[in-house]
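Q: In full-length UniProt numbering, the protein residues as written are 1 to 555.
All C-beta atoms, glycine included, are put in the ideal place defined by N, C-alpha and C.
Since the structure is predicted, the reported quantities are computational estimates derived from the model, not experimental observations.
To start, I am sharing the structure in question, which I have written as structure tokens.
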């Protein structure tokens, strides 16, 4: 009696075919001489009140300096990561080999989605290609409010970000990373700036959904799900087959083409491709990578069932429509989103400065272009305009000077002073600390002009923190003055002893009266008018409480 044998061929008949899951991932891309005069390069000054012989209080705002507007901090709200859909970023997984996935051991979300698609198909009676396309549209419509919410949050971040201090300490700022980051974090919470995790909100939801849909449709195709063999249309009647023949190249070509078009639109509207510096290099490299992924996507299009191609093509097409809609000014206006701005165009707008008019010896007016002037000449012109209270034009000249020479110390200090007057405190202290860091790049300043600039920048930075009630931070800048050797230049010497008085004031507030008295005695030896402050300190009077509305006068 012969026993029936189970042939190997019978076993292989029930095995599953090779599975190739094509997915994408996304990435966030997501920022001279005395001609300058004492009007603007000077200390935070104070008056001597003859009726109240008290030590002056550091008054930052009762000055004759002038303000400027925004310091040209741009934050691109619609990042490439937001505009580029996950299905368009082009990271294709390689073939993962032959595997057997049964209904029993498949993951729960896939089984649930298959059940939902079956129910929709049975209820509507639509062919499977319409079911796949319409459910993809429904998914994108469900995620669209999250995208709008993210763009709204990013708009608020863009408005508040210029008011925040930098998260990392400037070079040679003598501040630890922890202190600087805590300052940044506390300021962000104080002004109500949304979390920066909003940059990843939309993509963190859409990417898993894309993978789930792609995996589900592919499984249904490879498992010859009921109706898939005749659920297509036109040249793709059988959704379980791989693309074949001339007509089979239509899906791969359209998917690869839509990927390339979406990449070009995203980078063109975000203007990230024209950024300069290291950030520009990274963005250009990332764009090159996405462009190069067009070819692997084309090849992968021939390796997935036509059912998956229907989903992939629909998702890519919806990404293109979404981008075109969000780039339309009328649509953005109705959604409450900021208009798309080209960074290069904005920069060119800042470079177009109104002609500067001034008189020659014969009092004849003439206009001169400022485009070809050096940064130092632009700073001198800005000082002249500030003296005449032309704040906007002076601000444009300062921005142009800093565009040409971002480390111009005089421009940084004057910009910091004007920003303080305009109430833009975070930007102001950033400019002042950048100036201080620049002065220390080649070691401790020794030239007369550099020493004077260091004294002035330290005084203004320290005065800023005093006004905020942050005496510990103020002492970091004021104590720097105590380590400077007495300058020989008369103007610098006057600034120097004014700084020592400010240092004594901050030390007294911290109950370090012995040190405060030491610096006051040095100041009294230079200018006896400071003696009243020393006497007040020695009499244990309130040394630091009466500095408001006091200045020494212009130098």
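For residue 537, which of 221, 514, 523 and 224 has the nearest alpha-carbon?
A: Ranking the options by Cα distance to residue 537, first place goes to 514.
Q: Within its chain, find whatever has a CB closer than 6 Å to the CB of residue 416; leave out the 5 residues flanking it on each side and keep chain order.
A: Hits under 6 Å: 428, 431 and 432.
Q: Tell me which residue opens and which closes the alpha helix (DSSP H) that residue 451 is part of.
A: Counting along the chain, the alpha helix (DSSP H) containing residue 451 begins and ends at 448-467.
Q: Relative to the alpha-carbon of residue 421, which residue among 464, 381 and 406 has its alpha-carbon at the smallest distance?
A: With distances taken between Cα atoms, residue 421 lies closest to 464.
Q: Can you tell me whether DSSP reads residue 207 as helix, strand or coil?
A: Residue 207: helix per DSSP, three-state reduction.
Q: CB-CB under 6 Å to residue 301, same chain, minus the five flanking residues each way: which ones, in chain order?
A: 251, 252 and 255, listed in sequence order.
Q: Given a threshold of 16 other Cβ atoms within 10 Å of its Cβ, counted over all protein chains shown, does residue 481 qualify as buried or as exposed?
A: The residue is buried, with at least 16 neighbouring Cβ atoms inside 10 Å.
Q: To which residues does DSSP link residue 514 through a beta bridge?
A: For residue 514, which the question treats as bridged, DSSP gives no partner whatsoever.
Q: For residue 161, which three-state DSSP category applies?
A: Helix at residue 161.
Q: The alpha helix (DSSP H) that contains residue 329, what's its start and end?
A: Note, residue 329: alpha helix (DSSP H), 329-335.
Q: Alpha carbon to alpha carbon, how far is residue 176 from residue 503?
A: For residue 176 and residue 503, the distance between alpha carbons rounds to 21 Å.
Q: What whole-angstrom Cβ distance do residue 110 and residue 215 have, given they're in contact under 8 Å?
A: That belief holds up - the Cβ atoms of residue 110 and residue 215 are roughly 6 Å apart, short of 8 Å.
Q: Enumerate in chain order the residues of its own chain whose CB-to-CB distance from residue 166 is below 8 Å, with the five nearest sequence positions on each side excluded.
A: Answer for residue 166: 180, 184 and 430, listed in chain order.
Q: Short check: CB of residue 508 to CB of residue 516, under 7 Å?
A: Closer than 7 Å, so yes.
Q: Could you spell out where the alpha helix (DSSP H) holding residue 531 opens and where it closes?
A: From DSSP, the alpha helix (DSSP H) with residue 531 extends over 531-538.
Q: Please classify residue 334 as buried or exposed, where buried requires at least 16 other C-beta atoms within 10 Å of its C-beta.
A: Burial call: exposed.
Q: Can you look up residue 440 in the DSSP assignment and give me helix, strand or coil?
A: Coil at residue 440, not helix or strand.
Q: What are the boundary residues of the alpha helix (DSSP H) that includes residue 294?
A: First-last of the alpha helix (DSSP H) with residue 294: 294-301.
Q: Between which two residues does the alpha helix (DSSP H) holding residue 181 run?
A: That run of the alpha helix (DSSP H) goes 177-191.
Q: What did DSSP end up calling residue 88 once you bin it into helix, strand or coil?
A: Its pLDDT being 47, under 50, residue 88 is placed unreliably in this model, and the coordinates cannot settle the point.
Q: Mind reading off the beta-carbon distance from residue 409 to residue 438? Whole number of angstroms is fine, and I expect it under 8 Å.
A: With 8 Å as the limit, residue 409 and residue 438 qualify as a contact, their Cβ atoms being about 5 Å apart.
Q: Just the C-alpha distance for residue 535 and residue 423, rounded to the nearest angstrom, thanks.
A: So the two alpha carbons sit approximately 35 Å from each other.
Q: Going by C-alpha distance, which of 448, 116 and 469 is nearest residue 486?
A: The option with the nearest alpha carbon to residue 486 is 448.
Q: By the 10 Å Cβ neighbour count, where 16 or more other Cβ atoms means buried, how is residue 495 classified, buried or exposed?
A: Under this definition residue 495 is a buried residue.
Q: By the three-class DSSP mapping on this structure, what secondary structure does residue 251 have?
A: Residue 251: helix per DSSP, three-state reduction.
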